[in-house]
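Protein chains: 2
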Amino acid sequence: MTNIVTSATKYSITDLCKEFGVTTRTARHYEDIGLLSPSRRGQTRIYSAADRTRLRLILRGKRLGLSLEDSRQIIDMYEPGKTNIDQLNSLIDAIRQQRDKLNQQLDDIGNLLKDLNKAEANCIDALKTNGDK
Amino acid sequence: MTNIVTSATKYSITDLCKEFGVTTRTARHYEDIGLLSPSRRGQTRIYSAADRTRLRLILRGKRLGLSLEDSRQIIDMYEPGKTNIDQLNSLIDAIRQQRDKLNQQLDDIGNLLKDLNKAEANCIDALKTNGDK
DNA sequence: GGCGTATATTACGTTAACGTCAACGTAAGG
DNA sequence: CCTTACGTTGACGTTAACGTAATATACGCC
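So this is what it looks like as structure tokens:
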């Protein structure tokens, strides 16, 4: 059995970045703008499972075309307590806005997929037609 | 009945841009990079229904987080004939890649929506709890 | 025919999200 | 002890997607 204290899964910067297919520069950049804040051993960054999750969420946001600031907003929603009562209502608003945006995206993707299917059919048609000569 | 020749729906740059909530600079930029090519009357741009459609597709792409280059690729897929036989197969590949990406997005959105629901529930909870004091 | 409004071109400015390079520290292995 | 690999901090460079003047032309109208 591994030592409980030292075994809490931790990652070096390169390991973490390799796992997600980003450069170390990217991880450091996210730290610069306060999206990640790994602990340190001396100078060296040590990423926890929580840091890993945050990175995962950031990258998910990117796939959806969100800015890093957008992602920060969303990720901060998950954190309890960090939200004082005054802001909860505006936070709920923000959440609903995000949901609207996402539903719009769902719609867009549906349409785009339809279009792509058509386009593919056209291509295959063209290949058939021209393949016969 | 309006004159068939002159009545084919056409738009001025400001009208078209207002309709889609973008600036004229944006439309001109899209023209600079070859995404739009409206006809002209003298110097003045005249947008056709086809131009309008292209703009609509570009903006849909943007909502999905695509780059303008990505959108160009996709939009060009719709154009028949412009694709020579040699490229049809690679085009089909591109289409499938796009589809994969979109399915990934669908997945991401589903997860994000779930998360947002949780976050909202937390907020509402917090409001209730604190509202009682 | 002067005024306002729309349009044009040219060109420099801006922001986000990193890339890239330099210069250096440190720990492990041969 | 030397090399190799991985880590650090600046700091300037780059790309995409426009913003923002500045300046000039053209149109409708009272």
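Chains A and E are the protein sequences, given in the same order.
Each residue of the first sequence is one higher than the one before, counting from 2 in the numbering used here.
Each residue of the second sequence is one higher than the one before, counting from 2 in the numbering used here.
Cβ atoms here follow ideal geometry from the backbone N, Cα and C, with glycine treated the same way.
Note that the structure is predicted; figures quoted are calculated from it, not measured.
Any beta carbon from chain E within less than 8 Å of residue i's own beta carbon?
| i | result |
| --- | --- |
| A/E121 | yes |
| A/I34 | no |
| A/C124 | yes |
| A/L37 | no |
| A/I93 | yes |
| A/N4 | Residue confidence for A/N4 is low, a pLDDT of 39 falling below 50, so the modelled location carries little weight and cannot support an answer. |
If you run the structure through DSSP and keep just helix, strand and coil, what is residue i?
| i | result |
| --- | --- |
| E/T10 | coil |
| E/I75 | helix |
| A/S49 | strand |
| A/S91 | helix |
| A/M2 | Only weak support exists for where A/M2 lies, its pLDDT of 48 falling under 50; the coordinates are left without a value. |
Within 8 Å (strictly less), CB to CB, does residue i reach chain A?
| i | result |
| --- | --- |
| E/Q44 | no |
| E/D116 | yes |
| E/D109 | yes |
| E/L103 | yes |
| E/Q99 | yes |
| E/I96 | yes |
| E/L113 | yes |
| E/K11 | no |
Can you name, in chain order, every residue of its own chain whose Cβ lies under 7 Å from the Cβ of residue i, other than the five neighbours on each side?
| i | result |
| --- | --- |
| A/R46 | I14 and P39 |
| E/L37 | A28, Y31, D52, R55 and L56 |
| E/A95 | Q74 |
For residue i, which residues of its own chain have a beta-carbon under 8 Å away from its beta-carbon, when the five flanking residues on both sides are left out?
| i | result |
| --- | --- |
| E/C18 | T24, T25, T27 and A28 |
| A/L60 | F21 and V23 |
| A/I5 | Below a pLDDT of 50, predicted positions are generally treated as unreliable, and A/I5, at 41, falls in that range; no measurement from the model is reported. |
Report all residues from its chain with a CB closer than 6 Å to the CB of residue i; omit the five preceding and five following residues, and keep chain order.
| i | result |
| --- | --- |
| E/Y48 | Y12, L17 and P39 |
| A/T35 | Checking the sequence, you will find Gly at residue 35 of chain A rather than Thr. Counting only Cβ-Cβ distances below 6 Å, and skipping sequence neighbours, we find nothing. |
| E/S72 | I59 and G62 |
Would you call the stretch 51-62 of chain A and the stretch 48-55 of chain E touching, i.e. three or more CB-CB distances under 8 Å? no
Can you pull out the residues from the stretch 49-80 of chain A whose beta carbon lies closer than 9 Å to at least one beta carbon of chain E? L58, R61, G62, K63, R64, L65, G66, L67, I75, M78 and Y79
Using 8 Å as the Cβ pair cut-off and three pairs as the minimum, do the stretch 99-107 of chain A and the stretch 90-103 of chain E touch? no
Just checking, does the stretch 18-33 of chain E make contact with the stretch 61-81 of chain A on the three C-beta pairs under 8 Å criterion? no
Could you say if the stretch 61-74 of chain E and the stretch 57-70 of chain A meet the contact criterion of at least three C-beta pairs nearer than 8 Å? yes
Determine contact between the stretch 101-111 of chain A and the stretch 104-113 of chain E, defined as no fewer than three beta-carbon pairs at a distance below 8 Å. yes
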